[in-house]
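Read the structure below first, then the notes.
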Amino acid sequence: MKEEKGRHLDASIWRGEVGGEARATPGVVKIYVLSTKTDFVWERRRLWEETLPELQLTFLSQGIEIHMVDCQQGLAEDIAYDTHMMDSLIGDLKTSRRNRAKTYVIILLGDKLGYYSLPVFIEAGEFLTIRSEASESGKGKLILLSVHVTSRYRPRKLMHVKLLDAWYKQDELHLPPGFSLQPVYSILKNDTHKRLDNASGEEDEQRDWISVHEKLLAILQTSANTCYQEGRIRNKDKYFTYGIESLTEDVMKLCPDTCLLIYRDFNSKTKRTSRRNILKRAKTKSEEQQIQEKINELAEALSAKIDNDRILKYAFKPKEVATGPLDPFTNADYADYLDILHTDVLHCLSSQLRQTVTNPYQVVPEGDERLRDEIGSHLYRCERCLNLDPVFAEAVVQRVVDYAVQSRRKSHKTLLLYGAQGSGKTVVLSRACCRLKDELRDECVLVVRYVGLTPDSATSHGLLAGICSQMDRVLGRNFVSPVDHPDLVIYYRELLVKLERDTRLWIVAVDDLDLLLSWSEQVSQSDDLSWISAELPVNVVFVGTLTAVSKRERQATLGKGIPSENYIRVPNLDDRQLERFVNPEYEKAKKVSLSSRQINLLNVMRTSSSPMFCVLLLENTKQRSPDATLCADVLGGDPGSAVVSRLEMLEERYGVQTVSGVLRYLCATPTGITELELLDVLSCDNDVVTRLIDVTNADQIRFPYVVWLRMKSELGCLIEERYLDQKLVLCFSHRLVQKVLMEKYRLSVPDMVKVHSELADLYMETWIAGRPLVVSDSNVQIMDNLGRFIGQQPLVFGDTKYNIRKIKQLWCKTNELKEECFCRFEYLLAYLHRTSLASLLYALDIANSLVLDNDIQIDRVMVWTFYKRTTNSVADTNNSHTKPITCYCMSIEGKMAITGSDDCLVKLWNLDISDFIGNLEGHTSPVTSVAVAAQEAFAVSGAEDRTVKVWSIMISCVITDYKEHNSPVVSIYVLGDNRRVLTADREQVISHTDHISCVTFSSDSQFIATGSADTSLKVWEANSGKLTQVLVEHEALVSCAAITTDNCHVISGSHDKCLLVWNLSTGEVQHRLTGHRNHVPAMVQLLSGISDEV
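Read left to right, the sequence shown gives residues 2 to 1095 (my numbering).
In structure tokens:
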């Protein structure tokens, strides 16, 4: 039965079913813990330190990650003091359920309710009534509070009504209109929630939020109670609602079926701890009658909605009355209770998880599973786009649908949607695809791709291979991707002919085609994307999107093969749509007029009326004070400046260091990072964590999740979640956003090095005597340099036990990487599981610098070959060079290797499938140097025939042949912009006493290192030509050199069979690497070639 269901799911995925069970459920389970801050300190700590790690250990092997969210963790005061934070928490809970991640909530209810929370919004009429009453009450008469107020502030005379006006502002953008509570940071200008009263160093009482909160609460409660008794308002409950009460009420509306209630009564006469009893009303009276009655009412209401097996009641009275708070170290009864609590919660959650999580994902994507995951990623993106408002382009959506239906009458060409950046092309395409799929159901096959969403969809070849593979699976055939792109295009055209015999309608949808622009200006872009303009059979519809607007731009991207009538423009918003965007009620009720604030916002939107820009402006407006001036200078006059305005707003509220820390990690990987991983690495960043929390008093040294929630909420449409590699990852929502953030928060390679360095440093702290610590005794604790007990914190890179479990999940060549990369870089393996092998190989460049910086012993560290010799990964007996290899280069992406030899040939090798690609023929003398551009755009080779050739990798032919040198070329270096190539020959120049044998650039293009036959290595300033270092230690010709990515070291290889690692600052040799049997003619930081013909 399971096998039959699996086949059904596979078939639905191949056909492109959006939603339903077509996509695997993300393997993340969130457990929210709701409680008051001071009443459940030890319970929360026990759940975090013992229950969570055991759940992780149990379910991680099944592909399920457990994420615990403590609503009070990291806050200086109870969350009830910040209503906006409570709203963010509930919003996160809604998002988790919408993303189909399993969500559980643990409600801890005791003998206290904590503090009242302020209402975040009050309707206009009600607020003005209360304000009027507060104004009268504040004129000097004494007010006796007739209701119980649990606050630290007991005013005899209420503060003037100006306090209300300062914190409650009229919100014209809210429907219905009313007054909104301003966020704490908007007035107090505080970076964090820590020590609010000392944030600015001022002693003004207005700066103390706790005091302000209690004064506001007293004003609202007293005035509302008076107005309610006089019949001027209908309800006063919102002013007398505790924070925990409000949270549980919202949670019960969202997920009553996954709530676990823990009710603790320390005032009971029962001396033995009760377990799993049905919740009953407490019989004993508390000291505060009103609070106890409310607790009982809340407990009964919850117990009526939660099943008995998810209710845990603990009632006992400690034998010994402690003078202070209960402590498990001094009270045996309390310690027993905590042990039982841990066991009960673990049992309850484990049984719930085993019943509900029936489809754990597989970690190793092989064959069909990898394709299923690829298709699932794109279908998830398509589904998420349906949540966005497409009404602005409904006519375009319908036009696409009509074209697809009418196309079955005759053969046709590709249909292209084009428009300005942010015009909503992606939403239109997704909406059209889903509408066709809904209408035609099994009579339609949807093949949807979003360029760049996954590594396999980032290139023209990978994208087309995925499309062909999905088509073949629907037809019940196995697909083997041709290595050469021209062969793949031919295969695609033949496949179209086969599809013509199928009765179903095939929809091929590709978003962002202009991201597939050709890699070189010398090669026609239409050659690379020629398959897009292929003639289509009557039952195949190809729909794509382009950002290019002008006809010239469109033809430059795809050539002239697509007729002009097949281009459909997605327009920006017109005035009527903008008005409805600002006020949704404006079009429905003509009597409703726009306010002055809405008119100002509308004028700013008109400067660039794309939907993306309007959403950015609307969010920027809502996050500013209602009385703030709205203009282009404040909100942003174009999409780019609107993004910058949002970032500046975040930096003002949370501090530059905190915001840059969060966004720096989001920028660190091209494929995204999961929310759990982001919080883990932020918790490893000492600078960020110590700024947010007081490490001397904190229960857990973790980046506060509630702070991240607020930041994520305020980032808004700048980021989004995508389904990738069988998990949900955080990515930038648009390439414009990515560009702005990358420029602002990741400007250079050293930034990337710092990210890896922080991870490496923390991981190194869990090593003992050079070996990873396997913790067999749960009492063993490891302390880091901040005094944190790492073994008790479930950090991906910090907790050794957790990290070892992660490493066991890794897919694809784990053993080879362990054996052949630097001996102490296991943390890179943990990094691999959320990226790809190619990303890891690129990161090894940075790893090289880290090893040298940390002075780690590196005997037998240098890699002699990438893969084991028995696999012949970069050579085989039929296609190997006939003479010794003289030079070697690997692409940054790690997918391709290029070798040059004395046999005058340049050979291409595919490292992913360990296969030979082809020869590049043209040199008439031995090849001396090779290089490959980023993204495998082109290759360059130099030879003793004094020529430099630029090759097209795709079509294996020469693009350009340079004959500028008067002597044999010895070294080639492609600069980072892919537009300049540095070459050197054997002429005696720039102060060497013999010919130059190699040359290399630093990553920032500031320094050049040259090696020579005079056995020296010299370092020069690139701009001035000034000689900065003369490095003399080799005993023979210096044949190769590379400057590390941090620009701190240079590695040189020589005919003396040695590699030397130099410190560029001191000019000293730090490491001497020996092991080659012959001279070392080539080396790529972690790689070296040898003259043994492989």
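Note that beta-carbon positions come from the ideal geometry of N, C-alpha and C, so glycine has one too.
inquiry  = Determine whether the beta carbon atoms of residue 509 and residue 541 lie at a separation below 8 Å.
reply    = Residue numbering aside, residue 509 sits at position 508 when the sequence shown is read from its first letter. Residue numbering aside, residue 541 sits at position 540 when the sequence shown is read from its first letter. Yes, the pair counts as a contact, with Cβ atoms nearer than the cut-off.
inquiry  = I believe residue 1 touches residue 933 by the beta-carbon criterion, under 8 Å. Please report the beta-carbon distance rounded to the nearest angstrom.
reply    = The displayed coordinates of the chain run from 2 to 1095. Any statement about residue 1 would go beyond what the structure contains.
Alpha helix (DSSP H) runs contained entirely in the region 71 to 95, provided each spans 4 or more residues = none
7 Å Cβ shell around residue 431 - same chain, five flanking residues per side excluded = In the sequence shown, residue 431 corresponds to position 430, counting from 1. Closer than 7 Å at Cβ, skipping near neighbours: 383, 386, 387.
inquiry  = For a quick check, are the C-beta atoms of residue 77 and residue 115 less than 8 Å apart?
reply    = For the purposes of this step, residue 77 is identified with residue 76 of the sequence shown, where counting begins at 1. For the purposes of this step, residue 115 is identified with residue 114 of the sequence shown, where counting begins at 1. No.
request  = Confirm, please, whether the CB-CB distance from residue 513 to residue 568 is below 8 Å.
outcome  = Mapped onto the sequence shown, residue 568 falls at position 567. Mapped onto the sequence shown, residue 513 falls at position 512. No. Outside cutoff.
query = Considering only C-alpha positions, which residue in the set 892, 912, 134 is nearest to residue 219?
reply = Position 218 of the sequence shown, counting from 1, holds the residue named residue 219. Measuring from the Cα of residue 219, the nearest candidate turns out to be 134.
message = Suppose the cutoff is 7 Å on Cβ atoms and the five residues either side in sequence are ignored; what does the same chain contact list for residue 1073 look like?
response = The residue you call residue 1073 lines up with position 1072 of the sequence shown. 1059, 1061.
message = Quick check on residue 1050: does DSSP put it in helix, strand or coil?
response = Stepping through the sequence shown from its first residue, residue 1050 is reached at position 1049. Residue state, collapsed to three classes: strand.
request  = Counting only the same chain and skipping the five closest in sequence on each side, list residues whose C-beta sits under 7 Å from that of residue 224.
outcome  = For the purposes of this step, residue 224 is taken as residue 223 along the sequence shown, with counting starting at 1. Taken in chain order, the residues that qualify are 131, 134, 135, 138.
ask   = DSSP three-state call for residue 905: helix, strand or coil?
value = Here residue 905 corresponds to residue number 904 of the sequence shown, with the count starting at 1. In this structure, residue 905 counts as coil in the three-state DSSP scheme.
inquiry  = On the DSSP letters alone, give me the boundaries of the alpha helix (DSSP H) that residue 661 sits inside.
reply    = Locating residue 661 in the sequence shown gives position 660, counting from the first residue. 657 to 667 is the extent of the alpha helix (DSSP H) around residue 661.
task = Evaluate contact between the region 412 to 425 and the region 474 to 486, counting only Cβ atoms and requiring at least three cross-stretch pairs below 8 Å.
result = no
key: residue 183 versus residue 52: straight-line alpha-carbon distance, rounded   = Reading the sequence shown from its first residue, position 182 is the one you call residue 183. Reading the sequence shown from its first residue, position 51 is the one you call residue 52. Residue 183 and residue 52: Cα-Cα distance of roughly 37 Å.
ask   = Hey, residue 639 and residue 609 are a contact pair by Cβ (cut 8 Å); roughly how many whole angstroms apart?
value = Along the sequence shown, read from residue 1 onward, the residue named residue 639 stands at position 638. Along the sequence shown, read from residue 1 onward, the residue named residue 609 stands at position 608. Correct: roughly 5 Å between the Cβ atoms.
Beta strand (DSSP E) segments (min. 3 residues) lying fully within the region 431 to 502 = 445 to 451
ask   = Helix, strand or coil: which one does DSSP assign to residue 41?
value = Residue mapping note: residue 41 aligns to position 40 of the sequence shown, counting from 1. Residue 41: coil per DSSP, three-state reduction.
Extent of the continuous alpha helix (DSSP H) to which residue 163 belongs = As a first step, residue 163 is located in the sequence shown; it is residue number 162 there, counting from the start. That run of the alpha helix (DSSP H) goes 163 to 168.
ask   = Taking just the CA atoms, how far does residue 350 sit from residue 125?
value = Residue 125 sits at position 124 when you count from the first residue of the sequence shown. Residue 350 sits at position 349 when you count from the first residue of the sequence shown. If I take the Cα positions, the gap works out to 45 Å.
query = residue 1072 lies in the beta strand (DSSP E); which residues open and close that run?
reply = For this step, residue 1072 is matched to residue 1071 along the sequence shown. Element bounds for residue 1072: 1070 to 1075.
query = What does DSSP give as the partner residues of residue 1 in its beta bridges?
reply = The chain is shown from 2 up to 1095; residue 1 falls before or after that span and cannot be answered.
N- and C-terminal bounds of the alpha helix (DSSP H) containing residue 229 = As a first step, residue 229 is located in the sequence shown; it is residue number 228 there, counting from the start. Segment 210 to 230, the alpha helix (DSSP H) holding residue 229.
query = Is there contact between the region 293 to 300 and the region 331 to 341, where contact requires at least three CB pairs shorter than 8 Å?
reply = no
message = Quick check: what's the CA-CA separation for residue 972 versus residue 372?
response = For the purposes of this step, residue 972 is taken as residue 971 along the sequence shown, with counting starting at 1. For the purposes of this step, residue 372 is taken as residue 371 along the sequence shown, with counting starting at 1. Residue 972 and residue 372: Cα-Cα distance of roughly 41 Å.
ask   = Ordered along the chain, which non-local residues of its own chain (more than five positions away) have a Cβ less than 6 Å from that of residue 661?
value = Position 660 of the sequence shown, counted from the first residue, corresponds to residue 661. The residues are 746.
ask   = Contact between the region 642 to 652 and the region 28 to 44: three or more CB pairs below 8 Å?
value = no
ask   = Who are the Cβ neighbours of residue 56 in its own chain at under 6 Å, not counting the five residues just before and after it?
value = Here the question's residue 56 lines up with position 55 in the sequence shown. Contacts found: 67.
For residue 243, the three-state DSSP class (helix, strand or coil) = Within the sequence shown, the letter at position 242 stands for residue 243. In the structure shown, residue 243 sits in a strand (DSSP, three-state: E or B).
ask   = Can you list the beta strand (DSSP E) stretches of 3 or more residues lying completely in the region 939 to 963, in chain order?
value = 940 to 944, 949 to 953, 958 to 963
inquiry  = Need the endpoints of the alpha helix (DSSP H) that residue 622 sits in, please.
reply    = Position 621 of the sequence shown, counted from the start, is the residue given in the question as residue 622. Note, residue 622: alpha helix (DSSP H), 612 to 623.
request  = Quick one: residues in its chain with C-beta nearer than 7 Å to the C-beta of residue 445, no 5 flanking neighbours on either side, listed in chain order?
outcome  = On the sequence shown, position 444 is the one that residue 445 refers to. The answer, listed in chain order, is 437, 438, 505, 506, 508.
query = Using a Cβ-Cβ distance under 8 Å, would residue 932 count as near chain D?
reply = Looking at the structure shown, chain D is missing, and only one protein chain is on hand.
ask   = Under 8 Å, do residue 606 and residue 579 count as touching if we go by C-beta distance?
value = Taking the first residue of the sequence shown as 1, we reach residue 606 at position 605. Taking the first residue of the sequence shown as 1, we reach residue 579 at position 578. Contact flag set, yes.
ask   = Taking the C-alpha atoms as reference points, what is the distance between residue 401 and residue 562?
value = Residue numbering aside, residue 401 sits at position 400 when the sequence shown is read from its first letter. Residue numbering aside, residue 562 sits at position 561 when the sequence shown is read from its first letter. About 20 Å.
query = Do you know offhand how far residue 598's Cα is from residue 735's?
reply = As a first step, residue 598 is located in the sequence shown; it is residue number 597 there, counting from the start. As a first step, residue 735 is located in the sequence shown; it is residue number 734 there, counting from the start. If I take the Cα positions, the gap works out to 28 Å.
ask   = Per DSSP, what kind of secondary structure is residue 353 in: helix, strand or coil?
value = Here residue 353 refers to the residue found at position 352 of the sequence shown. It is helical.
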